[in-house]
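Student:
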Amino acid sequence: MEQSEKRKPTLFLSLIPVLILIMMLGYTIIGLGLDIETGGSHIPLILGAAVASFVSVYLGYSWKEVQSSLVKGITLALSACLILMIIGCLIGTWIISGIVPAMIYYGLKMIAPSVFLVTTCLICAVVSISTGSSWSTAGTVGVALIGIGQTMGIPPAMVAGAIISGAYFGDKMSPLSDTTNLAPATAGTDLFTHVRHMAFTGVPSLIIALIIFAILGFQYSGGRVDPQDVNVMLNTLDNTFNISPWLLLAPMLVIFMVIFKIPALPALLGGAIIGGIVAGIAQGNSISEIIQAGMNGYKGNSGNEMVDSLLTRGGLSSMMNTIALIFAALAFGGVMEGSGMLECIAASILKLARSVGSLVTATVLTCVGMNIIAPDQYLSIVVPGRMYRNAFTKQKLHPKNLSRLLEGSGTLSSPLVPWNTCGAFMGGVLGVSAGAYFMFAFFNLLNPVICIIFGFANITMHKMTDDEEKQMLETGEIK
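Note that numbering that gives the first Met the number 0 has the sequence shown beginning at 0, numbered continuously upward.
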């Protein structure tokens, strides 16, 4: 069909695929009790993409154009899927090499259960600030911290919430982060202005999150953890692997590689290769055993059920289910964006934004909604950024306000959606689904709420000066 034959979608038509998707997800996950492993999200997303495709054809798009949008949506996640595959290999080689067991071993000796959640959050925040990557943080130290928490009797979902809270705080405050660079570029401000402005909402959110983690941690102090059980764990690890402080050099090397701006993919691949080399040298594993661990993960056979269940994980193949989920989710988002239905929904929300507080709320809800219906954190920054940039200008709000909201609601809500690329990644790496850790990711939950409160209370909602507005108009950054 010719371009002139295409019709703009109405809000009613645009909402049809979204509502059907929500109903199907509710039925399969809540009604049938299916999870990600059993297709509770995959099949509804595929059917949702089919419904969106039918609506697109009804609007005048050819199947070739619909398929092009579908494929374009999937290509957005190819780099993420490559990283996910490499991290699967890394986890497998790091376990068989004794690197993860060593991190668990020394962590059990140093970290008290009562402060474990707070310590976990802070460790992940520091590592993520240093590397600029919440994904690398979760895939390296996060894996070990999940194991340490499990041996202390702390629920994995709670530990995952602390890992994600710290990792995403660090990611948002790091100039090395890709989304921390993308948000100000989309909104029309500079990187360091954006980072400083993020601190006004990010730091209070983290402090509140740490207080909650401290309160939760008290229930695991005194009498909740049997020292004898911990000693059995330590002895089992020591007897199964050649534990040495030298093994900790591998994660430190990966962190340093990312700090020195080596891209995540080669840095993590280097980490996986280092794991394989260490497995051969330190643990005496054969090349065949190392390759098997990289492909299918490590299979524990220590005889201790807790240790074996803790370390039986990883491998490239373990990530395939997560990658399939990402493909299905982004196929749906690609069709929705290509047909203009996403833009229609966002524009309808914008009509309701008349005050500063309502504009902030609309931006936050749009970013969160984008993570649900176009499940990728980059889309949740770029699309709302394009939609609301001029609206912020009309209110004479400095672009740094918009960039803070794009990160504070778009990026931070992405790991809370099970079928989002970030939610699927975190669930696959940590072994805890987003539906389980959702309620414990306090930093990610609090920050969007604090952004809305600041909007209505006009706290740190900085206005543009006349000179700034004039300069931006002259340079074409705003219209």
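Using N, Cα and C, we set each Cβ at its ideal position, and we do this for glycine too.
Assign Arg312 to one of three DSSP states: helix, strand, or coil.
Tutor: Reduced to three states, the DSSP call for Arg312 is strand.
Student: I'd like to check one pair, Gly72 with Val334: are the Cβ atoms closer than 8 Å?
Tutor: Yes; because the gap between Cβ atoms is below 8 Å, this pair is in contact.
Student: Within 10 angstroms of the Cβ of Leu264, are there 16 or more other Cβ atoms? Answer buried if so, exposed if not.
Tutor: Exposed, since its Cβ has fewer than 16 Cβ neighbours within 10 Å.
Student: Is the distance from the Cβ of Ala182 to the Cβ of Ser402 below 8 Å?
Tutor: Their beta carbons are under 8 Å apart, which means Ala182 touches Ser402 by this criterion.
Student: Please classify Lys462: does DSSP put it in a helix, a strand, or coil?
Tutor: Strand.
Student: Check the Cβ-Cβ distances between Ile95 and every residue of chain C, and say whether any is below 8 Å.
Tutor: The structure shown contains no chain C, having only a single protein chain.
Student: Apart from the five residues just before and just after Val359, which ones in its own chain have a Cβ nearer than 7 Å to its Cβ?
Tutor: Same-chain partners within the cutoff: Leu404, Cys450, Ile451 and Gly454.
Student: Could you please give the first and the last residue of the uninterrupted alpha helix (DSSP H) stretch that includes Leu12?
Tutor: Unbroken alpha helix (DSSP H) run through Leu12: Leu10 to Leu24.
Student: In the structure shown, what three-state DSSP assignment does Leu396 receive?
Tutor: Here Leu396 sits in strand by DSSP.
Student: Would you kindly work out how many angstroms separate the C-alpha atoms of Thr459 and Phe199, rounded to a whole number?
Tutor: Each residue's alpha carbon lies about 7 Å from the other.
Student: Taking its Cβ as the centre, do 16 or more other Cβ atoms sit within 10 Å of Gln2, making it buried, or is it exposed?
Tutor: With a pLDDT of 48 at Gln2, under the threshold of 50, the modelled position of this residue cannot be trusted, and the question is left open.
Student: What separation, rounded to the nearest whole angstrom, lies between the Cα atoms of Arg223 and Met305?
Tutor: With a pLDDT of 49 at Arg223, under the threshold of 50, the modelled position of this residue cannot be trusted, and the question is left open.
Student: Tell me which same chain residues have a C-beta within less than 7 Å of the C-beta of Ala323, skipping the five on either side of it?
Tutor: Result list for Ala323: His41, in chain order.
Student: Beta-carbon within less than 8 Å of Leu233's beta-carbon, same chain only, minus the 5 sequence neighbours each way: which residues are those?
Tutor: Result list for Leu233: Tyr104, Leu107 and Lys108, in chain order.
Student: Just the Cα atoms here: how many angstroms apart are Asn552 and Thr420?
Tutor: Residue 552 falls outside the range modelled here, since the chain spans only 0 to 478, and no answer is possible.
Student: What number of angstroms, rounded off, separates the C-alpha of Lys298 from the C-alpha of Thr185?
Tutor: Each residue's alpha carbon lies about 45 Å from the other.
Student: Can you check whether the CB of Ile290 is closer than 8 Å to the CB of Pro100?
Tutor: In this structure, Ile290 does not lie closer than 8 Å to Pro100 by Cβ.
Student: Span of the alpha helix (DSSP H) holding Leu358?
Tutor: Its alpha helix (DSSP H) spans residues Val355 to Ile372.
Student: Using 8 Å for Cβ pairs, my map puts Ala440 next to Ile163. What's the rounded Cβ distance?
Tutor: Indeed, because the Cβ distance is near 5 Å, the residues count as touching under 8 Å.
Student: Compute the beta-carbon to beta-carbon distance between Ala372 and Val70, rounded to the nearest angstrom, for a pair I have assumed lies under 8 Å.
Tutor: Rather than Ala, the amino acid found at residue 372 in this sequence is Ile. 18 Å between Cβ atoms; not a contact.
Student: Need the endpoints of the alpha helix (DSSP H) that Trp62 sits in, please.
Tutor: Residues Trp62 to Thr74.
Student: Report the residue from Ile272, Leu81 and Pro414 whose alpha carbon sits nearest the alpha carbon of Leu252.
Tutor: Nearest C-alpha to Leu252: Ile272.
Student: Ala352 to Val381, Cα distance in whole Å?
Tutor: Whole-angstrom Cα-Cα distance: 19 Å.
Student: Check Tyr479 in the structure and name its three-state DSSP category.
Tutor: Since the first and last residues shown for the chain are 0 and 478, residue 479 lies out of range.
Student: Beta-carbon within less than 7 Å of Gly356's beta-carbon, same chain only, minus the 5 sequence neighbours each way: which residues are those?
Tutor: Gly454 and Phe455, listed in sequence order.
Student: Which stretch, first to last residue, makes up the alpha helix (DSSP H) that contains Val142?
Tutor: It spans Val142 to Thr150 - the alpha helix (DSSP H) in which Val142 sits, taken as one unbroken run.
Student: Return the CA-CA distance between Asp237 and Ser379, expressed in angstroms with no decimal places.
Tutor: In a straight line, the C-alpha of Asp237 is about 46 Å away from that of Ser379.
Student: Using a Cβ-Cβ cut-off of 8 Å (strictly less than) and excluding sequence neighbours within five positions of Asn303, which residues of its own chain qualify?
Tutor: Closer than 8 Å at Cβ, skipping near neighbours: Val231, Met232 and Thr235.
Student: Would you check if the distance between the CB atom of Ala124 and the CB atom of Gly91 is smaller than 8 Å?
Tutor: The answer is no: Cβ separation not under 8 Å.
Student: What residues are listed by DSSP as bridge partners for Tyr297?
Tutor: Answer by DSSP bridge pairing, in chain order: Arg312.
Student: Measuring CB to CB, does Val367 end up less than 8 Å from Ser96?
Tutor: Not in contact: Val367 and Ser96 (Cβ atoms no closer than 8 Å).
Student: Considering Cα atoms alone, identify which of Gly146, Pro43, Met197 and Gly152 is closest to Ser408.
Tutor: The residue with the shortest Cα to Cα distance from Ser408 is Met197.
Student: Indicate whether Lys395 and Met319 have their beta-carbon atoms separated by less than 8 Å.
Tutor: No.
Student: Under 7 Å Cβ to Cβ from Trp418, same chain only, skipping five residues before and after it: list those, please.
Tutor: Closer than 7 Å at Cβ, skipping near neighbours: Ser40, Leu44, Leu324, Ala328 and Pro374.
Student: Are the Cβ atoms of Gly493 and Met256 separated by less than 8 Å?
Tutor: Outside the displayed range of the chain (0 to 478) lies residue 493, so it cannot be described from this structure.
Student: Could you check whether Pro250 and Val493 sit closer than 8 Å to each other, using their CB atoms as the reference points?
Tutor: It is not possible to answer for residue 493, since the shown part of the chain is limited to 0 through 478.
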